[in-house]
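Notes to accompany the following structure.
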Amino acid sequence: MPSSVTTVLCAVFASLAVLYQIYVSLLVKVVGLFRTVQTFGLDAAACKDIPELQACEKIVLHQPSGLLYLACSTPESRLAWTPAMDQLNVQGRSNDDYVATYDPTTSKVTRLQLENFDSDQPISVHGMDVVQSTSNGNELFVFVINHRAPPTGQDSRKVGADSVIEVFKTTVSGDRLVHINTVRDPRVIVSPNDVVGEADGKGFFFTNDQGSKISNSYNLFSATTSVGYCHLDHGCKFVALGLYSSNGIVKASTNNTIYVSSNLGGKINVFERQSDNALLLKDVNEKGQALDNISLDNRDQLWVAAFPKIRDNIENLSKDPHHVASVAAFKISANTGGSSHGEKYNVEKRPLLLSCHTCFDIQILEDDGTIVSGSTSIVHDSDRGLIFMHGIAAPHLTVCRMLALNQSQD
């Protein structure tokens, strides 16, 4: 009998050890429980704030014009109504969410007016993408995640948001968003976080950041998130299942590569798009920090917003949406330097403002919230030497001049 008890106990401890190694230790590292936030890579003198733009969870650059598109709300509304963070107080949500443009040449902010948007409730924006039309060079398609409230009589805290994806069109430098379609499929569009659209204005990929409309502790330890694909003519379907903590998504402009960031997984999944739009996992790039939105610049370099201490950020922001929050950013591109260890991606850590002609092309910035706070998106304009940073509850858009970075890559 004692031997049987011993065997059972050994099996239990072995299972707990495996659980810790696979899940708990990873979470401890990613949430930054014992990490000390550093401050490097940004020069306050080269940065400026745009206070007219608050709580812009997603930012997208239209490279040819240099215009920045932003999906914005208020910090107070984000605290009340953000399904991705299980904030489901419908009464506290903003009635004035909007999509805006920012012109860095003139510092002009333009709120885009909605046309033909027939809805019985205000739009509640989250992830977004802006894609230039293949048929008209002056026309842009704008894909916006809209976290609607559930139908009247249903408790949002029990059923979650009635999330949909809105498709609009606009013109370059235009001031209006003309509504094309609302895509709703609660079977597939479960808990959408970010979206990447196609140039025909009909197809788009999106991430579900949870496996159900209501989050629970099970989501912290299970691979229940997914990527879906919808087409206005053919409906929606899952194209990648069994993912962990999916968040941002972006696709390469020159091939079939699609990148999906894992928030609590601290990694980027690299997929290859198949002919039926299914996604085949080809590579995983580990970062070891909680990741949010991702973007590609016109040099095919991936820019990733990250959180050095996401646990502290969540705790502080849940009490005060104006609380400063630490941020980090990664720049990733293929390692073509012929490393003897065969790494596909560079892992060097280096301040962005240093000139480096021999280093590889991953670099990191980190800030304790003094220069930039709570960024969930970072975008690089390599033609104009600018980076833009904003966040889901951030108090302003931050614009930094990065000429030294561009010179080091010429």
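Quick note on the numbering used here: the sequence shown kicks off at 759 and runs consecutively. For glycine and all other residues, C-beta sits at the position ideal for the given N, C-alpha and C.
Taking a contact to require three or more Cβ pairs closer than 8 Å, the region 1053-1064 and the region 1004-1022 qualify as touching. With fewer than 16 other CB atoms across the displayed protein chains lying within 10 angstroms of its CB, N896 is exposed.
If you keep only unbroken alpha helix (DSSP H) runs of at least 4 residues inside the region 875-916, you get nothing at all.
Take G918, set aside five residues on each side of it, and the residues of its chain with a beta-carbon closer than 8 Å to its own are P841, L846, P908, S949, S970, K971 and I972, in chain order. Looking at D952, G959, C994 and K960, the one whose alpha-carbon comes closest to that of I1016 is D952. Going by DSSP, L837 is part of the alpha helix (DSSP H) stretching over P833 to A838.
The Cβ-Cβ distance between I1136 and A1063 falls below 8 Å. In summary, P862 is buried, with 16 or more beta-carbon neighbours lying within 10 Å of its beta-carbon over all protein chains present. Contact check for Q871 against R915 fails: the beta carbons are separated by 8 Å or more. Following the DSSP letters along the chain, one finds P841 in no beta strand (DSSP E), marked with neither H nor E. Judged by DSSP in its simplified three-state form, Q871 adopts strand. Only residues of its own chain outside the window of five on either side were considered, and among them S831, I881, S882 and V883 have a CB closer than 6 Å to the CB of D855, listed in chain order. Restricting attention to G885, A838 and G1149, the CA atom closest to the CA of T965 is found in G885. Taking the C-beta atoms as reference points, L999 is found nearer than 8 Å to S984.
By a beta-carbon distance limit of 8 Å, F963 does not contact I923. Their separation comes to about 10 Å.
Sorting S1053, N939, T1128 and T859 by C-alpha distance to the C-alpha of S1091 places S1053 at the top. In the displayed model, V788 falls within a helix according to three-state DSSP.
Here the alpha carbon of R945 sits roughly 13 Å from the alpha carbon of V997. By the Cβ test, the region 1034-1045 is not in contact with the region 1124-1135, since fewer than three Cβ pairs between them sit closer than 8 Å.
Each of P1153, G1149, V1157 and H1154 was checked against the Cα of E815, and the nearest Cα belongs to G1149. In this structure, A813 sits near A1152, with a CB-CB distance shorter than 8 Å. With a cutoff of 8 Å on beta-carbon distance, L1001 and V788 are scored as not near each other. In this structure, the beta-carbon distance from L828 to A858 falls below 8 Å.
Annotated three-state conformation of V946 is coil, per DSSP. Around the beta carbon of D1050, 16 or more other beta carbons lie within 10 angstroms, which makes this residue buried. Closest in C-alpha terms to Q821, from the list T1156, I1145 and L1155, comes I1145. Residue pairing by DSSP places S1053 opposite W1061 in a beta bridge.
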